[in-house]
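Going by the working numbering, the sequence shown opens with residue 13, and the numbers climb by one from there.
Glycine included, C-beta positions come from ideal geometry on N, C-alpha and C.
Just below is one structure, and these are the notes that go with it.
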Amino acid sequence: MEQRVSLVTLGVDDLARAKAFYERLGWRGQELSETVFFQTGGSAFVLWGREALARDCGLPVGTGSAASASRTTPDPRPRSTRSSRLPRRPVRW
13 MEQRVSLVTL GVDDLARAKA FYERLGWRGQ ELSETVFFQT GGSAFVLWGR EALARDCGLP
73 VGTGSAASAS RTTPDPRPRS TRSSRLPRRP VRW
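Dropping the structure here:
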């Protein structure tokens, strides 16, 4: 099986400030619900409010636990049907 990363999520304390930081680097973000997606070649980089990320991972909010949370999710779609375009809304498996 080919190993590769297609999505990286970073929990941040201030979503607007983090978005502005990456946009100053020349990245163009797309806001979706409580997240900001950036297309990075063949993968996506996602900023998510730290508390919202903790809730999504089922971790206690406000304990710093979201900083150490990680989730690996394989892309379930056949390779021939995958698109390099970002989803219109976050995908939840």
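query: Within 9 Å, strictly: CB atoms of LEU59 and LYS31; result: yes
query: N-terminal and C-terminal residue of the alpha helix (DSSP H) that GLU35 is part of; result: 27-36
query: Sequence-distant residues of its chain with Cβ nearer than 8 Å to ARG17 (five each side left out); result: First, the amino acid is wrong: residue 17 is Val here, not Arg. SER55, listed in sequence order.
query: Bounding residues of the beta strand (DSSP E) (the contiguous stretch that carries LEU71); result: Unbroken run through LEU71: none, as it is neither H nor E.
query: Bridge partners - VAL24, DSSP secondary structure assignment; result: GLY61
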